[in-house]
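Here the sequence shown is numbered in our numbering, starting from 1 and rising by one per residue.
All remarks here apply to the structure that follows.
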Amino acid sequence: MPTPPPTGPLVTRDSVAAQLRLLGVETGEILLVHSSLSSLGWVNGGPVAVVQGLLDALGPSGTLVVPAQSGDLSDPAVWGNPPVPEEWWDRIRATMPPYDPLITPTRGVGVIPETVRTWPGALRSAHPQTSFAAVGPHARAVTEGHASDCRLGEHSPLARLEKLGARVLLLGAGYDACTSFHLAEYRIPAPRVAVGRPAPGGGWETVIEVSIDSDRFDELGYDFERDRDVVRGRVGAADVRLFPVADAVAYAQRWLPVHRPREEEFPYPHV
Numbered sequence: 001m002p003t004p005p006p007t008g009p010l011v012t013r014d015s016v017a018a019q020l021r022l023l024g025v026e027t028g029e030i031l032l033v034h035s036s037l038s039s040l041g042w043v044n045g046g047p048v049a050v051v052q053g054l055l056d057a058l059g060p061s062g063t064l065v066v067p068a069q070s071g072d073l074s075d076p077a078v079w080g081n082p083p084v085p086e087e088w089w090d091r092i093r094a095t096m097p098p099y100d101p102l103i104t105p106t107r108g109v110g111v112i113p114e115t116v117r118t119w120p121g122a123l124r125s126a127h128p129q130t131s132f133a134a135v136g137p138h139a140r141a142v143t144e145g146h147a148s149d150c151r152l153g154e155h156s157p158l159a160r161l162e163k164l165g166a167r168v169l170l171l172g173a174g175y176d177a178c179t180s181f182h183l184a185e186y187r188i189p190a191p192r193v194a195v196g197r198p199a200p201g202g203g204w205e206t207v208i209e210v211s212i213d214s215d216r217f218d219e220l221g222y223d224f225e226r227d228r229d230v231v232r233g234r235v236g237a238a239d240v241r242l243f244p245v246a247d248a249v250a251y252a253q254r255w256l257p258v259h260r261p262r263e264e265e266f267p268y269p270h271v
């Protein structure tokens, strides 16, 4: 049976750039992009065309930033999608390759961030599980100094992006993907958790971290969009949201203590 033709819309590098400019993306700004390629429609050139369109909209003085997370570099004891047999855990910990910003692939953030990670001139931050990749003049300022015990807090690219006046672009992605909300978790009372991962020189290590959780971020995003100025529009078939990192962090810092009590369960044991 023949494959049915795509329903469209047809999306190109030029149409991505043009629609982003119409939304208000500015030449020279810093943009943190959370994305879904499949939401856009039929993209001529796939993720490469999308990244080219983003860079065209930002211009040579702009900087593109994406999450480049590698959450599979984690303790197999907490894996659930899918879980692995308990008798494998020690062997997995002993043989898991350590994080290498040049070769460790992204996981769970989509094909557009993976394309940015491998883009000529891209830089990537040092955290082994929650890194960010960036292309553009501010890439080093955004990615450097990402502390190994600070996934998404004050010593992560999120805090740098906030200070630099960056904006978030949700390109077909929902508020559940909005990493800026996590920075607020570091600024409210929060439990600490033990996080296991491969050590830089080989072997296994456990670090103590702030507990992070995207539970109820969709609700948080709904209220944020209701109460704050969020640019809304479309690129191709994708719903798009555009707003400052600083606004999202400040709103979440007030919303989370009220709507998501910290006694909820978290994926790692509290310490």
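Ideal Cβ positions, reconstructed from N, Cα and C, are used throughout, including at glycine.
Spanning the alpha carbons of Leu58 and Ala139 requires a straight line of approximately 13 Å. Check the Cα spacing between Val142 and each of Leu158, Arg192, Pro128 and Ser148: the tightest is with Leu158. Secondary structure note for His259: its alpha helix (DSSP H) is the uninterrupted segment Val245 to His259. Contact between the stretch 85-94 and the stretch 166-177 is absent: fewer than three C-beta pairs spanning the two stretches fall below 8 Å. Within its own chain, no residue has a Cβ closer than 6 Å to the Cβ of Pro97 once the five positions on either side in sequence are excluded. DSSP places Asp213 outside both helix and strand once states are collapsed to three, so it counts as coil. Look at the beta carbons and you see the stretch 239-258 not touching the stretch 200-209: under three pairs across the two are nearer than 8 Å. Counted as a single uninterrupted DSSP element, the beta strand (DSSP E) harbouring Gly196 occupies residues Arg192 to Pro198. In the structure shown, Glu219 adopts helical secondary structure according to DSSP, grouped into three states. When secondary structure is reduced to three states using DSSP, His34 falls in the strand class.
Distances from the alpha-carbon of Gly8 to those of Leu220, Ser35 and Gly41 put Gly41 closest.
For the pair Ser35 and Gly110, the CB atoms are nearer than the 8 Å cut-off. The alpha-carbon of Ala17 is positioned some 4 Å away from that of Gly53.
Counting other Cβ atoms within 10 Å of its Cβ, Ile212 reaches 16 or more and is therefore classed as buried. Beta bridge pairing from DSSP links Gly233 with Val240. Residue nearest to Arg260 within the set Arg226, Glu225, Asp227 and Asp218 is Asp218 (criterion: CA-CA distance). Secondary structure note for Arg117: its alpha helix (DSSP H) is the uninterrupted segment Val111 to Arg117.
Going by beta carbons, Gly24 and Gly62 fall outside the 8 Å limit. Gly108 and Asp227 have their alpha carbons spaced roughly 30 Å apart. A check of alpha carbon separations from Ala194 across Met1, Arg187 and Ala77 identifies Ala77 as the nearest.
Taken through DSSP and simplified to helix, strand or coil, Pro157 comes out as helix.
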